[in-house]
Each structure stands twice: as C-alpha cells, then as structure tokens.
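Shown next, in structure tokens, is the structure this report addresses.
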Amino acid sequence: MSIFRSHNAPRLRHMEIPASFVSRLAAWLRYTNAKLFCTDFGLEFEGISAGRPDQLQGLADLTGQVVEDLGHGPVRSGRRFLIDGQLLSTAFLDRVDLWVCPECVAEDMAAAPHLPPEATIAVRRDNVVTAIGSCHIHGRSFVHAGRSPWRAGNHDTSLTTIDIPARLPELTAMSLQTGASPFDAFVRLRMEGGGTDHPLLGAIPLMPAIQLCGRVGNAVLNHGLPNQRRLLRPELNRLYNAGLTVLDGGEDALAALMEELGARIPAGSTVSPKVLMPKVWGLLERCTHDDAYGPIRDAMSGAASRSLFGQYPWRMLGGSAKSRRWQSLLTIQQQHGIGRSTARTFARLAGAFHPQHGTWVDADVFERWMALDAGLVPSWQAGRDVGASPQAMASLIAGGHLVPVGEVRPRQGAFPWLRRQQVKDLFSSMLASAQPCNATDEGRLSIVDIPSRVPGALPALHDAIVQGRIKVWRLINEKPYPSIVVELDAVFGLLSPGESNSMEFLSPAQFARRCGIGSSAGHALVEMGMFRSETRLNRETGLRRRSIPASEVDRFEAEYITGTKLARTLRVQPRDVIAVLAERGVHPQDTGDAPITLFLRSDLAAAV
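In terms of my numbering, the sequence shown opens at residue 1 and continues consecutively.
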C-alpha cells in the first residue's frame with residue numbers, strides 16, 4: 001500500500017486547495033519545498049497550483065483522493081482564475097498573504113498530533129478569496145498569519161504555516177467573534193451555485209458584484225476617498241457588507257445615499273452623481289450592453305432622478321443603452337470590445353451610420369448585422385475554436401476558403417474577422433466524407449504535422465480537401481482541424497514540380513546541420529557569399545527568410561573538407577593540421593571571421 005494512503009499520512013481537509021495539500025505532504029516527508037516533492041513523484045507543482053486537470057488527476061491517483069475533492073482551488077484561465085465556477089482576477093485572491101481562522105488551525109493540529117505542525121494546517125478555499133473575511137464554522141474573523149517568503153508564484157503554504165503554532169495564542173487574541181457576515185454568506189452561496197436572491201446582484205457575475213459592493217460601500221463609509229487596494233481584509237469586509245446592505249435596499253437606499261453624499265456639496269454647485277460616485281458609475285457605464293446589469297442601472301438612474309440630481313436624466317448611464325437608437329462610435333467600440341477602425345468598418349458595412357452625423361450609429365441595425373450567421377469572431381479566436389494555427393487560418397483565408405468581413409489593413413496587430421457560421425460550414429464540408437479513426441497509422445499524418453514534413457504543401461492540401469480530391473480520415477475526440485488525417489504520399493502527389501522546389505531550400509541552420517558544421521559558421525559562410533542563397537517567402541508563415549538550395553550541400557561536400565575532418569583523416573591534432581599541410585604547400589581557404597577552417601579537396605589531391 002502507498003504511504004500516502006496510510007493512516008499516518010496527511011488527509012485532505014474539506015474545501016482545501018490542492019497546493020496546500022501538496023505542500024503539507026512535502027512537509028510531512030521533510031522535503032525542503034513542495035516543488036522538489038512534486039519532481040520526485042512525477043508531478044508539477046506549478047500545474048497543481050494552476051489547477052491543471054492532468055496534474056490534479058495525478059495527485060488524486062498518488063494519494064487515493066477523489067479528484068472532485070481537489071477542485072476547490074483556483075484554476076488558471078488566461079490572466080484570471082476560476083474557483084468553484086466563479087471567475088476572479090488576482091486582485092480578489094490572496095495567493096501570497098495567508099489569512100486563517102485560529103480555531104480551524106487548532107482543530108487541524110489536534111486532528112493529527114503525530115504529524116509536524118506545518119503538515120497539519122490546511123489552507124482552504126475561503127482563506128484565499130479576499131472577499132471572505134470570517135470563518136463560517138466558528139464565526140471568527142480571519143487574521144493575517146504571514147506572507148510567503150518566496151516569490152509571488154510559489155504558493156508553498158507550509159513555508160508560511162510553519163511559524164503559526166508558536167503564534168497561535170497571539171492570533172487567537174487578534175481574531176474577533178464576529179459571526180458570519182451577510183456578504184461572506186453571499187459569496188459562499190454564489191460559489192455553491194446559489195446567491196441569486198439579491199434583486200440587484202442576482203444575475204451579475206461574482207467578480208463585478210464584489211466590485212459593486214466594494215465601491216458602494218466605499219461611498220457609504222469613506223466617501224470614496226481611500227484606495228481599496230491598500231485596505232486589509234477586515235476593512236474590505238466592512239466595505240462589502242455596507243455596500244451589500246445598500247444594494248439590497250434597492251432604489252430607496254441608493255437615493256438616500258445620494259442625498260447624503262449630495263449634502264456634502266457646497267450650496268449652488270452643480271455636481272452629478274457620476275462625480276459623487278465615479279467608480280460605481282464608471283463600472284455601470286462600461287456594462288450598458290449587458291442585460292444582467294439592467295436592474296442595478298435602473299435603480300441607480302431612478303435614485304438619481306429622485307435625489308438632488310433630477311435634472312440629470314437617463315443619459316448618465318447611457319440611457320440604459322438599449323433605449324437609445326443612436327449611439328456614438330465610441331460607445332459601439334466599448335460595448336463590443338473592438339478598435340475604432342474596426343467599428344467604423346462594421347458600421348459602414350451594416351449601413352448603420354446616421355445620414356448627417358458620421359460618428360452616430362443606429363444600434364438596432366448594427367446589432368442585427370453583427371448577429372448574422374451566428375455572429376463575428378476574430379480569425380485568431382476562430383483558429384483556437386477549431387484547433388488551427390494562425391498560419392493555417394491565414395492559408396485558408398489566402399486560398400479563398402474563408403472570406404473575411406471587411407478589408408484588413410496590412411498593419412501590426414490587425415487581423416481578419418470571420419462569420420462563425422462560415423467557419424463551421426467549411427470544416428463540416430472538409431470532414432463530410434472523412435472516415436473515423438483512433439490514431440494515425442503509419443503513412444498517415446494529422447494535418448497539423450504536414451508543414452514540418454512537407455513545407456509549402458498546406459495551400460494545395462487545403463484545396464484538395466475542400467474539392468474532395470484527397471481521401472480524409474477523422475481523429476476521434478479532437479477539434480475539427482487537428483482531427484483531419486491524410487496520407488503522406490498523397491500530399492507529395494499534390495505538389496507540382498514548381499511547387500516542390502520549396503522543399504529543396506534550406507535555412508542557414510538546416511544547411512549547417514546537413515554539412516556537419518556549426519550553426520554560426522554556416523550563417524557566416526552564407527553571408528560571405530561562398531554559397532548561393534536567396535530570400536524566399538515562406539507560404540505558411542508569410543515571412544521572408546534567407547534560403548539555400550539543397551544542392552549547395554552536395555557542392556560543399558564535393559569541393560571542401562573541414563579542418564576537423566581532415567585532422568581525423570591524417571591522425572593529427574586539429575590545431576596541428578594547418579602546419580602539417582603547410583609543409584606540403586596546402587593552405588586553408590580565406591573564411592574571414594567564420595569560426596571554421598576549410599580546405600579545397602582539389603588542393604589536397606594535387607598535394608598528394
């Protein structure tokens with residue numbers, strides 16, 4: 001039986017994050033850190049910290065845990081993290097500072113007295129979510145127990161918890177008996193799939209809901225002056241609870257708050273709610289296109305109309321966006337997350353511009369046009385969806401198989417936009433007659449491997465697949481593009497003699513490897529012009545590069561021999577070969593600064 005399944009091994013705690021569990025196992029076995037432990041047992045600590053499924057499954061197999069019980073830690077999703085189905089940025093996660101409940105720590109230590117203290121103290125989901133300020137089991141506030149001594153990406157919790165046992169009485173005295181706060185309960189319910197009984201926040205994702213509560217609470221308690229990033233968890237939790245109380249009070253509570261804030265403005269001054277609550281207003285203005293924010297927008301606008309700011313109508317929040325027919329081009333950009341040039345192109349193609357005002361767009365016409373054929377998607381996103389590289393997508397577009405929407409200007413950062421339905425239809429037709437298979441047999445390759453085996457063949461291969469001139473197989477459980485499998489011999493047969501010339505050219509590094517010389521020497525000899533080269537366009541990448549005909553390798557081997565090879569032939573040291581041959585009247589070729597010694601084979605033959 002594995003030692004990790006014995007009764008002496010640390011056991012996974014309820015809601016414990018995987019990084020904490022691994023760190024405790026490493027501390028139990030007296031490893032210096034969790035990374036070394038993972039290396040010895042075939043795991044990657046970075047992958048476990050990021051919540052990668054393969055690493056979590058490996059940890060479950062090693063320790064005999066149910067992999068679902070390891071799913072309460074942050075899972076990296078781009079620059080953010082998914083934690084129990086909720087998307088949070090690093091600003092809402094404490095992955096360096098450690099906040100704990102002293103009673104939970106004491107219970108952890110008492111439950112496993114045979115283990116080292118640092119191998120018993122578990123870090124749970126609630127400990128890493130900054131919005132949660134208290135323990136729902138003991139009703140005590142979290143206290144700051146330390147900071148990781150390593151860099152921010154380490155997350156090796158036992159390196160921090162090792163100091164907690166000696167400070168436990170002090171930490172217990174610092175922790176207050178606060179009970180479970182309403183905001184803590186709201187966050188926990190949202191992570192468990194509930195928490196939708198708050199009228200203004202029910203449909204809003206958790207992260208912006210936390211932001212709204214914090215910003216409204218900041219206006220209530222601090223009048224919007226301090227920077228929330230500098231506040232500790234207890235202060236943040238007070239803000240969140242104050243904000244949640246106001247938002248749960250609906251339009252009446254918001255109107256009362258605006259009256260209170262407006263009373264601080266000198267008499268005779270004209271100030272809008274946007275100035276009094278800039279962070280709240282700014283967040284809602286950025287989300288005028290999202291129906292989930294409709295209740296909070298309407299409540300804020302209604303409260304503003306009832307307070308001192310009745311002279312400022314609905315336009316403060318974009319007129320609830322959907323109530324306005326004509327919108328500025330800037331609003332269209334912000335709503336759809338596109339650049340100004342792209343927004344202008346789309347509006348022109350949709351025929352949505354105002355006849356007299358060139359920067360106003362008919363929102364209804366624009367939205368209907370954007371929604372055609374399942375909507376628009378940038379080519380890089382379409383490639384990710386179907387598993388195709390940017391080079392493959394560029395080849396499909398260049399071959400006319402995918403037609404971009406609008407004109408793409410050749411500038412840095414520009415990319416084509418495609419209709420989702422068009423992309424779906426193309427790959428459906430490419431795989432229409434494909435036979436399913438489980439693996440690539442000998443002689444067959446996935447289309448993603450073709451560019452490395454048959455350079456320059458991708459455009460012709462795409463044409464042949466679309467036109468049905470080549471037999472296609474389909475890999476099971478793969479995205480559409482990498483699931484396409486073809487025979488390698490059939491791909492070679494698609495290339496005409498003119499096209500196959502691209503196969504006879506090498507990069508300087510490839511040329512050097514073929515000749516058996518160093519890469520820097522190969523580059524230098526090509527730059528000196530000792531070998532024929534030309535600048536050619538790579539059809540897969542769209543880039544131009546220096547290329548050498550493969551026939552130059554044969555010429556190199558026929559005309560030249562390196563000093564190293566010659567030394568082995570003459571059975572002398574490489575440093576002595578020049579002196580030995582100089583006695584016979586043979587001198588090396590002038591190679592400039594190239595780090596290589598070359599002799600002409602014809603000179604050697606004459607000397608012999």
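Yeah, the Cβ is synthetic: ideal placement off N, Cα and C, and Gly gets one too.
Which residue wins for smallest C-alpha separation from residue i, given the options the options?
| i | options | result |
| --- | --- | --- |
| I484 | L461, P549, L506, I204 | L461 |
| S341 | G139, V454, P416, M393 | P416 |
| R52 | G73, D40, N33 | G73 |
| G282 | L236, S328, P208 | P208 |
| A27 | A110, D373, T157, P451 | T157 |
| H144 | T120, E170, H155 | E170 |
| M277 | V216, L36, M15, R79 | V216 |
| L372 | I397, L396, V405, G400 | V405 |
| L200 | E259, E367, Y293, M174 | Y293 |
| A524 | P482, T591, E478, A550 | T591 |
| A122 | G493, V129, I137, V100 | V100 |
| I476 | I164, A439, P451, F505 | A439 |
| A550 | I332, R514, T160, R571 | R514 |
| D449 | A263, P482, W380 | P482 |
| D603 | H587, A594, D593, I596 | H587 |
| F505 | R575, I517, R545, M174 | R545 |
| G146 | S379, T178, V96 | V96 |
| L168 | V105, N218, V472, R571 | V105 |
| T575 | I596, R584, P10 | Here residue 575 turns out to be Arg, not Thr, going by the sequence shown. Nearest option by C-alpha distance: I596. |
| L376 | V386, P480, F346, S148 | F346 |
| R13 | Y560, D69, L29 | D69 |
| P480 | D385, S433, S520 | D385 |
| H289 | L257, G250, Q333 | Q333 |
| L29 | P10, L43, S379, F45 | P10 |
| L445 | R125, K471, A219, S507 | K471 |
| A374 | E118, R368, G387, R420 | R420 |
Cutting at 8 Å between CB atoms, please list the residues of its own chain near residue i, excluding the five before and the five after it.
| i | result |
| --- | --- |
| F4 | L25, L62, T63, G64 |
| Q573 | A567 |
| I204 | L212, A292, Y293, I296 |
| M370 | H336, F346, A350, L376 |
If I measure Cβ to Cβ from residue i and keep anything under 7 Å in the same chain, skipping five residues before and after, which residues do I get?
| i | result |
| --- | --- |
| R190 | Q86, L206 |
| A382 | M393, L418, V423 |
| P234 | G133, S141 |
| L284 | Y293, I296, R297, M300, L317 |
| S23 | A34, D156, T157, S158 |
| L402 | L396, L418, Q422, V423, L426 |
| R151 | Reliability fails at R151, whose pLDDT of 49 lies under 50, so the model's placement of it is uncertain and the value that follows must be treated cautiously. For R151, where only same-chain residues beyond five positions count, there are no Cβ hits under 7 Å. |
| D593 | A524 |
| R76 | A50, G51 |
For residue i, write down the residues that DSSP places opposite it in a beta bridge.
| i | result |
| --- | --- |
| V485 | S446, W473 |
| G493 | In the DSSP output, where bridge partners are listed per residue, G493 has none listed. |
| G141 | The sequence shown places Ser at residue 141, rather than the Gly named in the question. DSSP lists S134 as partners of S141. |
| G146 | L98 |
| V280 | Answer by DSSP bridge pairing: none, since V280 is not bridged. |
| L581 | Partner(s): none; L581 has no beta bridge. |
| F599 | I561 |
Within the same chain, show all residues whose beta-carbon is closer than 6 Å to that of residue i, passing over the 5 residues directly before and after it, in chain order.
| i | result |
| --- | --- |
| T120 | D108, M109, A112 |
| L431 | R474 |
| Q327 | V361, A363 |
| C213 | Y240, G243, L244 |
| V454 | V491 |
| R80 | L87, S89 |
| T160 | L98, G146, S148 |
| G493 | none |
| T172 | P102 |
My parser needs the beta strand (DSSP E) runs of 3 or more residues fully inside the segment 392-444; what are they?
Qualifying beta strand (DSSP E) stretches, in chain order: 417-419, 435-437.
So, do the segment 120-136 and the segment 170-183 have three or more beta carbon pairs nearer to each other than 8 Å?
Output reads yes: the segment 170-183 touches the segment 120-136.
Tell me whether the segment 48-65 and the segment 99-116 touch, counting them as touching only if at least three CB pairs, one residue from each stretch, are closer than 8 Å.
By the Cβ criterion, the segment 48-65 is not in contact with the segment 99-116, since fewer than three pairs of Cβ atoms, one from each stretch, lie closer than 8 Å.
For the segment 505-563, list the beta strand (DSSP E) runs that are entirely contained and at least 3 residues long, ordered along the chain.
Within the segment 505-563, the complete beta strand (DSSP E) segments at least 3 residues long are 534-537, 544-549, 560-562, listed from N- to C-terminus.
Say whether the segment 551-566 touches the segment 485-492, bearing in mind that this needs 3 or more beta-carbon pairs closer than 8 Å, one atom from each stretch.
Segments in contact, no.
Curious, which full-length alpha helix (DSSP H) runs of at least 4 residues does the segment 159-241 contain?
Unbroken alpha helix (DSSP H) runs of no fewer than 4 residues, entirely contained in the segment 159-241, are found at 164-174, 182-191, 206-221, following chain order.
Could you tell me which whole beta strand (DSSP E) segments of length 3 or greater appear in the segment 8-55?
Those beta strand (DSSP E) runs which fall completely within the segment 8-55 and span 3+ residues do not exist here.
Inside the segment 97-132 only - beta strand (DSSP E) runs reaching at least 3 residues
Runs of the beta strand (DSSP E) inside the segment 97-132: 97-100.
My parser needs the beta strand (DSSP E) runs of 3 or more residues fully inside the segment 318-379; what are they?
Complete beta strand (DSSP E) runs here, min 3: 326-328, 360-362, 376-378.
For the structure I just gave you, are there three or more beta carbon pairs, one from the segment 6-21 and one from the segment 34-50, closer than 8 Å?
Yes, the segment 6-21 is in contact with the segment 34-50.
Secondary structure, alpha helix (DSSP H): runs of 4+ residues fully inside the segment 69-93:
Runs found: none.
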